[in-house]
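I have placed the structure first, in the form of structure tokens, so that the comments after it can refer back to it.
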Amino acid sequence: MFTKRTIKPHQAVAVVDTASEALAVSISEKACVDMDYMSQLTGKTKEELAGELQGVIFRVPGQLEQDGTPHYVTADEYLSGNVRRKLRQAQRAAQQDPVYAVNVEALTAAQPKDLDASEIEVRLGATWIDKEYIQQFMYETFNTPFYLQRSIEVNYSSFTAEWQIKGKSSVSYNDVAAYTTYGTSRANAYKILEDSLNLRDVRIYDTIEDADGKERRVLNAKETTLAAQKQQAIREAFRDWIWRDPERRQTLVSQYNEEMNSTRPREYDGSHITFGGMNPAITLREHQKSAIAHVLYGGNTLLAHEVGAGKTFEMVAASMEAKRLGLCQKSLFVVPNHLTEQWASEFLRLYPSANILVTTKKDFETHNRKKFCARIATGDYDAIIMGHSQFERIPISRERQERLLYEQIDEITEGIAEVQASGGERFTVKQLERTRKSLEARLEKLQAEGRKDDVVTFEQLGVDRLFVDEAHNYKNLFLYTKMRNVAGLSTSDAQKSSDMFAKCRYMDEITGNRGVIFATGTPVSNSMTELYTMQRYLQYERLQELNMTHFDCWASRFGETVTALELAPEGTGYRARTRFSKFFNLPELMNLFKEVADIKTADQLNLPTPEVEYHNIVAQPTEHQQEMVKTLSERASLVHSGTVDPSQDNMLKITSDGRKLGLDQRIVNQMLPDEPGTKVNQCVDNIMQIWRDGKADKLTQLVFCDISTPQAKAPVSKAAKTLDNPLLHALEGAVPLPEQEPVFTVYDDIRQKLIAQGMPADQIAFIHEANTEVRKKELFSKVRTGQVRVLLGSTAKMGAGTNVQDRLVALHDLDCPWRPGDLAQRKGRIERQGNQNPLVHVYRYVTEGTFDAYLWQTVENKQKFISQIMTSKSPVRSCDDVDETALSFAEIKALCAGDPRIKERMDLDVEVSRLKLMKADHQSKQYRLEDQLLKYFPEEIEKHKGFIKGFESDLEVLAAHPHPEDGFAGMEIRGDLLTDKENAGAALLDACKEVKTSDLVQIGSYRGYAISVEFSAWKQEYTLLLKGQMTHRATLGTDPRGNLTRIDNALALMPQRLEAAKAQLDNLYQQQAAAKEEVGKPFLYEEELRSKNARLVELDTLLNIDGKGQAHAEAVVAKSTRTSVLDSLKRPVTPRSTDKKPKQHEEVR
């Protein structure tokens, strides 16, 4: 019955032969360099071990073990992290104790390459730039009169991360720079500069009276546009100014390198981990072992691995190893609610003897919760597994909540005082006072609730490791920013995210920032703020250290808002919109992020997954769809003009209806005809063809659709309410549906059509029908075996946790989800280990002329940032283009745009970006040449002149002290003149033995030169230095006579070294002349860049319909007269042909 061992007991190694073996065992068994343990294993002393492992382990300056002995760490730990700071510490320690010379040498080699000015992007508003530089820029650029410089000054509040220009209104209206060159009549240059520093776009408002006589502010589009041009001019002026002065350039470059280019990422190796108690039938991959090592040795960790990379086993093994090593006592796993049982099953599959506790819904019912939490607190469990929602129901203690609120209130009170002292705006003070009042109200409410003794708090559970699966579900953490209306930035707060943040901060306190492990295949799924949010959860103290706890401080270093062309939501035109999509200084951001993030992408993992071939299927719109798109346009016009109550109709409703319309017109009105060639019908045809082709192997397919999902039978009142939709009456004479008729769904329609074409009904299933864990498990089993061959579902229900890949050959995206992460989760169902098919197909369906194109473009914009960050490649300095990962989204957008100018615009964008890159390179070379002419060449020339003079002088000394013929010139050692070679060589070796450190010790003289000796602990050798005007070195050995020969050889090289110095001086003069010739040369392709950039701007203007013209400006004052954003650009939609076009490899139209 029992055929093989399923649990392999752990057996620790008792004896090893070498120091390196002892180190591997120590790391495996103790998770550290334990010298006592290693001595027991080898029988060697700690000193012997340290000597043998020199360069493999390092003694840490200023740190001792509990028994007072030196503290050692491995090289991968010591030579990573902030290596600049470590080098300074080692240099100070080496001055006191030469044993640390080896540290200095190794850390020197590990220093990051210094960046130069051309590689560092500085944005106006970057909080690492001292306010004195901003003030200097302001005075020089705006020609601020001397008498005004006392009243106009720049202030910065580190508490609010807000810049303020005091006295910005005191400048005269006749000031040309302030009101003409860099400002407008409504916003002077100082006001625009202040907005720019605070990362805000300039907006000019007028105050008008409405029909009720009430005053209100409306945007003045014309003045805002003029001010925006001046704002861009100031930003460009700052970019040109900041690096212009060599002294300022060197100071800021040094500061940036010290603050942001000081980190070396640690490479983790888990190959030595033994995994006692693990199922021997399961072998982890190398990337999984390395990730586990990251968790064990690196502190808080984000397992940002590709979907299907094995994150579950990584977390399970990390928790069990951490407990075995004594790093933690109790791990809590927080996983999606529907995956708790699956998690428990996987946990026990990897560790069959683990003692785990899995929560159920009953455990968290009111009368059971206290008892269950007590079981967690008192039980000796290896792990507790609970759902996300259950985790939220375990509160942080009231005392801790009170303390956190008190701390926040105190901070805000200090901030108010700081803003008032610096003359900050009343608006900022009022905003802070409102926040303080809100916090005080929360504190009072908390105190009024009274103490509840029957509540078990999170702190009482005894948990000291927190593992969070699908951590992207906690992305909506409160975000404060001074920026306005930037797409992708949300300041909303989710209670579950605030709860998670508070618990993470508690875990940081009790574990020293080592107790939180997040896992997700999509850490950034929607916007750049999610990366910052992940850092707040896992790197809060690191952000504090870098003064980046404010989002604006973080964004000012790494991001920039750009205005880009995009399809308007109505799908028939274009508009410009401001969004965060340009990022710079990416290597520094990634080095910081990778301190916690263990990033593994598909190209790194090389997993045995099938190759994916994409097919974009484009359906022509029906006449009804074309008419209803026009109706959407009319509704958008009414919403835009403000003549519709937002509760009756709004852009969100229009967008929702547009998505439905793009999928199938019958979702809007099921009385409309089912016409051939639609998305749904093309999908059905493809499913049937693939079903027939894969009949022999029982190949399976997934169909994803988030709209028109199967619903339980709705009450009559709800059905009636559903019919009250503006789109239902888009066509004249639309007839309301009979109440008894079932509601149309795409799912039912597809199933009926598949059955009608010959597919057995029992081979088609909806994920929604498996409404319990047992049914879901049974359904997945049927798909894996080919009993069910077509499974339809939504991303939410059929995404993460759906492992049915065995026979999958095709996946159909009938609609486009809002987040790239959802697309990744969909694709992860088929492009997964365990799929028996070497080639699989992903079909994406689009209805031209509808919202589909806009939805795919939205996903493309979101994918841009994600692809730049979540990459295994070394990131470029800056990036705002679409890379290969996003091209499939861009392709879909181009297929649906139907405007050749878009293609021209895209090509021009690439070309202009290339020319700008060339210009930036030209500019960086000019900066470098300036630096060389000002500092490098003069210094090097003088230095080499000194070398030549020194060698010539030393050669004269050498000529004055020759060896006698067939004799020895003699050597003075310790005051004794030794004329015999043997005696001199022996005395030299005796003198060397007395030298124990790397400090130079003078021991005598030879042929007119003073001689000194030093000992290198790193190289384990002695070096003799002969000092004249120059220094001449000879490495000593153990042979007395041989050493004297080496010394003479070193002196004999002097003529060669003199000639080399002369040649180098000639070369320096030539380089200096060439640099003088090159410096100041203009950029060769300036005219080409200018003309192409002008055409690009022209195209943006032609395609932009966001109301930047005169009609929009007038309509600001009279909103009721505002026309639809679609009326500015009407592109005729070609009526669709009823003839079905032939299927092609990449695209079907």
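Residue 975 in the numbering used here is what sits at position 877 of the sequence shown, and the numbering runs on without skipping anything.
Don't be surprised by glycine CBs; every beta carbon is placed ideally from N, CA and C.
- Shown here, R333 sits in a helix according to DSSP, grouped into three states.
- Nearest to G1048 by C-alpha distance, out of E1157, G179, I1109, is E1157.
- DSSP places Y288 within a helical segment (H, G or I) once states are collapsed to three.
- Here Q809 is exposed, its C-beta having fewer than 16 other C-beta atoms within 10 Å.
- The beta carbon of T399 sits closer than 7 Å to the beta carbons of H392, V393, I615, V694, D696 from its chain, once the five residues preceding and following it are set aside; these are given in chain order.
- Under DSSP, W261 takes part in a beta bridge, and its partners are Y254.
- For V1055, the uninterrupted alpha helix (DSSP H) segment begins and ends at 1035-1058.
- If you draw a straight line from the Cα of D367 to the Cα of K387, it comes to about 7 Å.
- The shortest C-alpha to C-alpha distance from H486 to any of I290, Q593, I390, M133 is the one to Q593.
- About 5 Å separates the CB atoms of I474 and I482; that is less than 8 Å, so the two are in contact.
- Counting only residues of its own chain and dropping the five nearest sequence neighbours on each side, Y277 has a CB closer than 7 Å to the CB of Y271, S283, N286.
- A Cβ-Cβ contact shorter than 8 Å links L448 with V414.
- Shown here, G160 sits in a strand according to DSSP, grouped into three states.
- The alpha carbon of V886 has as its nearest neighbour, out of F878, I371, K1125, the alpha carbon of F878.
- Note: H1130 is bridge-paired with L1124 in the DSSP secondary-structure output.
- Among the bridge pairs identified by DSSP, T372 is matched with none.
- The beta carbon of Q506 lies closer than 8 Å to those of L537 in the same chain, with the five residues before and after it left out.
- Taking 8 Å as the cut-off, the Cβ atoms of D597 and E639 do not count as close.
- Each residue's CA atom was taken as its position, placing E658 and E334 some 14 Å apart.
- With respect to L1194, L1013 sits apart: the two C-beta atoms are not nearer than 8 Å.
- Taking each of N466, L502, E516 in turn and checking the Cα distance to I492, the smallest one comes out for N466.
- Counting the other Cβ atoms within 10 Å of the Cβ of E628 gives 16 or more, which makes it buried.
- Bounds of the beta strand (DSSP E) holding N714 are 709-717.
- Comparing alpha-carbon positions, the option among H385, I263, I250 lying closest to L703 turns out to be H385.
- Under the three-state reduction of DSSP output, T476 falls in the helix class.
- Bounds of any beta strand (DSSP E) do not take in T143, whose DSSP letter is neither H nor E.
- Taking R383 as reference, the option from P344, L297, Q931, L1032 with the minimal CA-CA separation is Q931.
- The C-alpha of S1051 is placed about 40 Å away from the C-alpha of D343.
- Between the C-alpha atoms of Q799 and Q850 there is a straight-line separation of about 17 Å.
- DSSP places L564 in the strand class (E or B) of the three-state scheme.
- Between the region 645-652 and the region 427-440, the count of C-beta pairs closer than 8 Å stays below three; the two stretches do not touch.
- One Cα belongs to N355, the other to E1054, and the distance between them is close to 45 Å.
- Looking at K528, H436, F373, I608, the one whose alpha-carbon comes closest to that of D567 is H436.
- DSSP, read as helix, strand or coil, puts N355 in helix.
- C-alpha of N241 to C-alpha of E251: approximately 14 Å in a straight line.
- Between A1173 and V944, the beta carbon gap of about 56 Å keeps them out of contact (Cβ cut-off 8 Å).
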